[in-house]
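Trainee: In this note's numbering, the protein residues as written are 827 to 947. Quick reminder that beta carbons are idealized off the backbone N, C-alpha and C, glycines included. Predicted model only: the values in this text are computed from it and were never measured. Dumping the structure here so I can ask a few things about it.
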């Protein structure tokens, strides 16, 4: 499980590289595949690639295994699986389209099927 120091190191590095709107989404109570999303916006495909390379460099330096990286060639959305942290580096328009913050918000409604007792009651 990542500690706050690792997440803060990633956030500070992204700030230093001029990453925009850096958000950490805590998924520990809502997902089994990761504990956190770290979401950041880059201003161009070159910037998105540079941010992703910096995350890769820091993770490797801290002994965190990078399990997978997707999207580096197109660089409108780079997805980096660090195990307990999944990093999403977006171009602004791509981030707006997918809107992960809203999708994974704790207030997101989930449709459920009512129990038979609730229907009868």
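Between residue 901 and residue 892, which are expected to be in contact by the criterion C-beta below 8 Å, what is the C-beta distance as a whole number of angstroms?
Mentor: Counted from its first residue, the chain shown places residue 901 at position 75. Counted from its first residue, the chain shown places residue 892 at position 66. The Cβ separation is near 17 Å, so there is no contact.
Trainee: Quick check on residue 831: buried or exposed, where buried means 16 or more other Cβ atoms within 10 Å of its Cβ?
Mentor: Within the chain shown, the letter at position 5 stands for residue 831. Residue 831 is exposed by the Cβ-count criterion.
Trainee: Taking the Cβ atom as the reference point for each residue, do residue 877 and residue 843 lie within a distance shorter than 9 Å?
Mentor: By 1-based counting over the chain shown, the position of residue 877 is 51. By 1-based counting over the chain shown, the position of residue 843 is 17. Yes, the pair counts as a contact, with Cβ atoms nearer than the cut-off.
Trainee: Do residue 916 and residue 874 have their CB atoms nearer than 9 Å?
Mentor: Stepping through the chain shown from its first residue, residue 916 is reached at position 90. Stepping through the chain shown from its first residue, residue 874 is reached at position 48. Going by C-beta atoms, residue 916 is nearer than 9 Å to residue 874.
Trainee: What are the start and end residues of each continuous alpha helix (DSSP H) run of 4 or more residues lying completely inside the stretch 882-933, in chain order?
Mentor: Whole alpha helix (DSSP H) segments, 4+ residues: 918-924 and 926-929.
Trainee: Return the bridge partner residues of residue 859 from the DSSP annotation.
Mentor: Along the chain shown, read from residue 1 onward, the residue named residue 859 stands at position 33. According to DSSP, which records beta bridges pairwise, residue 859 is partnered with nothing at all.
Trainee: Go through its chain and collect everything with a Cβ distance to residue 898's Cβ below 8 Å, but skip five positions before and after it.
Mentor: To locate residue 898, count along the chain shown from 1; it is residue 72. Answer for residue 898: 875, 878 and 904, listed in chain order.
Trainee: Pick from 887, 881 and 929: whose alpha carbon is nearest that of residue 866?
Mentor: Counting from 1 along the chain shown, the entry for residue 866 is found at position 40. Selected option, being the one with the closest Cα: 881.
Trainee: Based on Cα-Cα distance, which residue from 912, 927 and 919 lies nearest to residue 859?
Mentor: Taking the chain shown and counting its residues from 1, the one referred to as residue 859 is at position 33. Out of 912, 927 and 919, 912 has the C-alpha closest to the C-alpha of residue 859.
Trainee: Keeping to the same chain, check which residues put their C-beta closer than 8 Å to that of residue 833; ignore five residues upstream and five downstream.
Mentor: For this step, residue 833 is matched to residue 7 along the chain shown. Closer than 8 Å at Cβ, skipping near neighbours: 850, 862, 864 and 911.
Trainee: In this structure, what does DSSP give as the bridge partners for residue 874?
Mentor: Position 48 of the chain shown, counting from 1, holds the residue named residue 874. For residue 874, which the question treats as bridged, DSSP gives no partner whatsoever.
Trainee: Cβ of residue 846 within 9 Å of Cβ of residue 925?
Mentor: Locating residue 846 in the chain shown gives position 20, where the first residue counts as 1. Locating residue 925 in the chain shown gives position 99, where the first residue counts as 1. No. Outside cutoff.
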